[in-house]
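What follows is a set of notes on a single structure, which appears directly below.
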Amino acid sequence: MKLAKRVQNLPPYLFVGISRAIAKKKEEGIEVISFGIGDPDIPTPNTVLDRLKKASDNPVHHRYPESEGLPEFRQAVSKFYKDRFNVNLSYETEIINLIGAKEGIAHAPLCFIDPGDIALVPNPAYPVYEIGTMFAGGETVFVDLLEKNEFLVDFTSIDTQVAKDAKMLWINYPNNPTGAIANLEFFTEAVEFCKEFDIALMHDACYTEVTYDGYVAPSLLEVPGAMDIAIEFHSLSKTANMTGWRVGSAAGNPELINALMRVKSNIDSGLSQAIQEMGIEALSLSQEWLDSNNDIYKKRRDKVVSTLKEIGLDALAPKATLYIWTKVPEGYTSASFTERLLEDVNVVVTPGNGYGSAGEGYIRLSLTIPDDQIDEGLRRLSQFTVS
Ligand SMILES: *Cc1c(COP(=O)(O)O)cnc(C)c1O
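Under the numbering used here, the first residue of the sequence shown carries the number 65, and numbering increases by one thereafter.
Laid out in structure tokens, this is it:
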């Protein structure tokens, strides 16, 4: 039997190689400390869990959900946009529920890409933008995120003919993996660029609530005109320690939202309503709760950055996200430095080139492991000598 090209063309999952290396160490009796995967170690808040327990008793929730999600969930997202960004959205036409942001991100290219069409995708980036494009039969043209541009998309670097041919553009701020942030000026540029070339603008905004040092991340939808051409994706995975529950949303232009709803209604049957109720609860978490949750990551961030500096890396503390993105020392590649850390001090980090060729020369450390493991990981890292 021959597998379809879209399956043959899939790259190996980034963490497979790493998992293998960890397993090998384990066989040798060594416990590694992994700063690899971004998946909050802190439990889902009790108020959110209690809501599921109650909701599971309601027989209404035992039947098929609507693909677009409960009106009450969409109203909660609308209220979040109003309270947090002062953006007015109709819960009926401008918001849908998602089975995690990843579901909507993977399905969005099916709305805009015909075979051979171009999607503009940042490099490095969350891998799903490119894979979703490939599944839709499209072609990805990468736009490099460079340190000299503070990892923002440089719209002047995009070839005019490519821009004319492109059907969609992905952006993601606060950014995984670089930790970069964007202001409204940048979002305005993105909207102008996409309007000029008739491109659907997709903003992955999963980290707007995971911020530090008083930084408040804007929404793309605050920009006048964004609602004409854009979809913004949100997720409760990182905000409320809910990766296992799969609650996300898409908001934006009603026609684009409707297209995404139609695609998804033909593939999935929506998110369990009891879990949508958890989402409603999570959207009402207080700013105090969010601040204290973020404070746990901030303390970890500061410790990690300080140790990385001690051993000679020029790490910067990001204002948002769960990741430290830092250059490898002279003479190393992402892969060779990652291997050295594993061999010498039994610490796992993610090689930057796993997120795209422009991530070569960097590594990513995630802050989503318990404090005692962070401390042990840092004790080991501090024994590493760059040579
Ligand atoms: C974690 C992550 C997602 C996935 O969010 P889910 O809601 O869990 O599917 C999407 N985009 C980026 C950049 C992420 O880091």
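For each residue, glycine too, the CB sits at the ideal point set by N, CA and C. None of these values were measured; they are calculated from a predicted model.
- If you keep only unbroken beta strand (DSSP E) runs of at least 3 residues inside the region 259–294, you get 264–268.
- Thr-252 sits away from Val-280, with the two beta carbons spaced by 7 Å or more.
- Ala-172 is bridged by DSSP to nothing; it lacks a bridge partner.
- A distance of 7 Å or more separates the beta carbons of Met-325 and Ser-98.
- In summary, Asp-268 is buried, with 16 or more beta-carbon neighbours lying within 10 Å of its beta-carbon over all protein chains present.
- Ranked by how close their Cα comes to the Cα of Thr-220, the residues Lys-231, Asn-150, Cys-258, Leu-405 have Cys-258 in first place.
- When beta bridges are read from the DSSP output, Thr-242 appears opposite no residue.
- Its chain contains Ser-446 as the residues whose beta carbon lies nearer than 8 Å to that of Glu-374, once the 5 sequence neighbours on both sides are disregarded; these appear in chain order.
- With a beta-carbon spacing of about 7 Å, Asn-247 and Pro-282 fall inside the 8 Å limit used to define contacts.
- In this structure, ligand 1 has no non-hydrogen atom nearer than 6 Å to the beta-carbon of Ser-421.
- Looking from the CA of Ser-348, the closest CA among Tyr-77, Arg-70, Val-112 belongs to Val-112.
- Classified as exposed, Gln-72 has fewer than 16 neighbouring CB atoms from the shown chains inside 10 Å of its CB.
- The continuous beta strand (DSSP E) containing Pro-186 extends over residues 182–187.
- At a Cβ-Cβ threshold of 7 Å, Val-96 and Ile-86 count as neighbours.
- For Asp-268, the shortest separation between its Cβ and any heavy atom of ligand 1 lies below 6 Å.
- Of the candidates Asn-150, Glu-345, Ser-313, Gly-81, the residue whose Cα lies closest to the Cα of Met-266 is Ser-313.
- About 6 Å separates the beta carbon of Tyr-145 from that of Ala-315, a gap short enough to meet the 8 Å contact definition.
- No Cβ-Cβ contact shorter than 7 Å links Asn-187 with Thr-385.
- Taking 7 Å as the cut-off, the Cβ atoms of Ala-140 and Leu-184 do not count as close.
- Leaving aside the five residues that flank Arg-365 on each side, the residues in its chain whose CB is nearer than 8 Å to its CB run, in chain order, Tyr-276, Ala-381, Pro-382, Ile-388, Leu-431.
- Taking a 10 Å sphere around the C-beta of Arg-443, we find fewer than 16 other C-beta atoms and assign the residue as exposed.
- Beta-bridge annotation (DSSP): Tyr-426 is paired with Lys-391.
- For the pair Lys-367 and Gln-437, the Cα-to-Cα distance works out to about 12 Å.
- Looking at the backbone, the Cα of Leu-285 and that of Phe-250 are separated by about 12 Å.
- Ranked by Cα distance from Asn-305, the first of Tyr-419, Gly-243, Leu-354 is Leu-354.
- Of all alpha-carbon atoms in Leu-162, Ile-360, Gly-93, the one lying nearest the alpha-carbon of Gly-343 is that of Leu-162.
- Sixteen is the threshold: since fewer than 16 other Cβ atoms of the shown chains lie within 10 Å of the Cβ of Ala-68, the residue is exposed.
- Taking the Cβ of Thr-204 as the reference point, every heavy atom of ligand 1 lies at 6 Å or farther away.
- Comparing alpha carbon positions, the residue from Arg-84, Ala-254, Ala-294, Ser-301 closest to Tyr-271 is Ser-301.
- Annotation: Lys-362 is outside any beta strand (DSSP E); the continuous alpha helix (DSSP H) that includes it extends over 351–374.
- The beta carbon of Lys-212 is closer than 8 Å to none in its chain, skipping five residues each way along the sequence.
- Sequence-distant Cβ neighbours of Val-369 in its own chain, meaning closer than 8 Å and more than five residues away, are Ala-379, Leu-380, Ala-381, Ile-388.
- Considering only Gly-416, Ala-165, Arg-127, Ile-160, the residue with the shortest C-alpha distance to Ser-142 is Ile-160.
- Shortest Cα-Cα distance from Glu-424 to any of Lys-362, Leu-372, Thr-397, Trp-309 involves Thr-397.
- Residue side-chain check: Tyr-396 keeps its Cβ at 6 Å or more from all non-hydrogen atoms of ligand 1.
- One Cα belongs to Glu-260, the other to Leu-405, and the distance between them is close to 46 Å.
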